[in-house]
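Reading through the structure tokens given below for one structure.
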Amino acid sequence: MTLDLEAIEQAAAMLRGARLVAVLTGAGISKESGVPTFRDVMSGLWAQYDPQQLATPSAFRKDPKLVWDWYAWRRELLAKVAPNPGHYALAALESLVPEVAVITQNVDGLHRAAGSTDVIELHGNLSRNKCFANCQGDPTYVAPEAALPPVDDMPPRCPHCESYLRPDVVWFGEALPGAAIARAAAVSRQAEVMLVVGTSGVVQPAAALPDYALRAGARIIDVNVQPDAITALADVFLQGPAGEVLPRLVEVMRHR
Ligand code: APR
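In this note's numbering, the protein residues as written are 30 to 285.
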């Protein structure tokens, strides 16, 4: 696919003029890192399950070991992936505009791994655990060394209340972390430019953020391999893989 250089120049000019850039990312940015999709994590032993039946509080209550083991498998898969040039380009953007806030729907931690310093995780992070009862307040994070070790192959337990630990990710039917969604909404309203990357723009409430930005007067740049729900709102649509488009965008910003 050939990149539209004129559109990249236009996007670079918008970004150069901004004081605060809000970046909203979805699964598409991690695609070129090979981050496993829900389909991939339902392979092998897990093929007989449906993620909607595993990634829920009631599934965990019913069978904590099953859900914990599925996440252990997902963590193993994730341990093998690394940030791609798209993640690195977003980190590099921090040296080109005064302020960049990355709002992500991904739980893979790859933005921080690439060096982005202000990352708002709307759906949590697979590498962290918290107490299932959130006994010390929501969220009660528990570091691996503080956890009560697993007994009989069950999940480790909270050192405060002995509830099982669970991954710190948003499950089906759960609310998004309040502080993260509040900050994401505020940043979306304050930014002069919102750069949307690799999200289908259909999963709420993240999908509403570009609307907030637009209504507050921001320009929208959309990066996706194909037109999506955001494209119609965008001032510039950069069609192509994020791992190619974003490094090019940063390069143009550096040299003009
Ligand atoms: N570069 C840019 N965009 C890409 C690339 C790529 N290399 N590959 C795919 N895309 C685009 C797709 O065209 C699609 O629009 O990324 C988008 C991915 O969409 P979804 O799979 O719906 O992911 P996302 O928008 O993050 O979904 C939100 O839904 O499944 C839940 O919790 C999950 O966080 C996820 C949320």
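Where a beta carbon is used, it is the ideal one built from N, C-alpha and C, also for glycine.
Asked, Found
"Report yes if the CB atom of residue 51 is closer than 9 Å to the CB atom of residue 242, and no otherwise.", "yes"
"Enumerated in chain order, which unbroken segments of the alpha helix (DSSP H) with a length of 4 residues or greater are wholly contained in the region 187-253?", "207-219, 238-244"
"How far does the alpha helix (DSSP H) with residue 57 in it reach, from first residue to last?", "56-60"
"Quick check: residue 148 and residue 107, are their CB atoms within less than 9 Å of each other?", "no"
"Tell me which residues share the same chain as residue 217 and place their Cβ nearer than 6 Å to its Cβ, disregarding the 5 neighbours each side in the sequence.", "51, 238, 241, 242"
"Report yes if the CB atom of residue 130 is closer than 9 Å to the CB atom of residue 248, and no otherwise.", "no"
"Taking the straight line between their C-alpha atoms, what separation do you get for residue 38 and residue 284?", "11 Å"
"CB residue 70 to CB residue 102, shorter than 9 Å?", "yes"
"Can you give the beta carbon distance from residue 198 to residue 153, rounded, assuming they're within the 8 Å contact cut?", "4 Å"
"Just to confirm the assignment: which complete beta strand (DSSP E) runs, minimum length 3, are found wholly within the region 122-179?", "128-133, 148-150, 153-160"
"Leaving aside the five residues before and after residue 279 along the sequence, list all residues of the same chain whose C-beta is less than 8 Å from its C-beta, in chain order.", "118, 121, 122, 125"
"On a CA-only basis, which of 282, 202, 271 is nearest residue 85? Give me that one, please.", "202"
"Only counting the same chain, and skipping five residues up and downstream in sequence, which positions put a Cβ closer than 6 Å to that of residue 230?", "236, 257, 258, 259"
"Closer than 7 Å by C-beta to residue 62: which residues in its own chain qualify, once you throw out the five before and the five after it? Chain order, please.", "110, 111, 112, 113, 139"
"What residues in its chain sit with their C-beta under 7 Å from that of residue 175, if we drop five residues either side in the sequence?", "188"
"Between 46, 267, 156, which lies nearest to residue 34 when the distance is taken from Cα to Cα?", "267"
"Are residue 316 and residue 134 touching if we call contact CB-CB under 9 Å?", "One cannot answer for residue 316 here, as it falls past the ends of the chain, which runs 30 to 285."
"Based on the DSSP output, what are the partners of residue 40 in its beta bridges?", "DSSP output for residue 40 lists no bridge partner at all."
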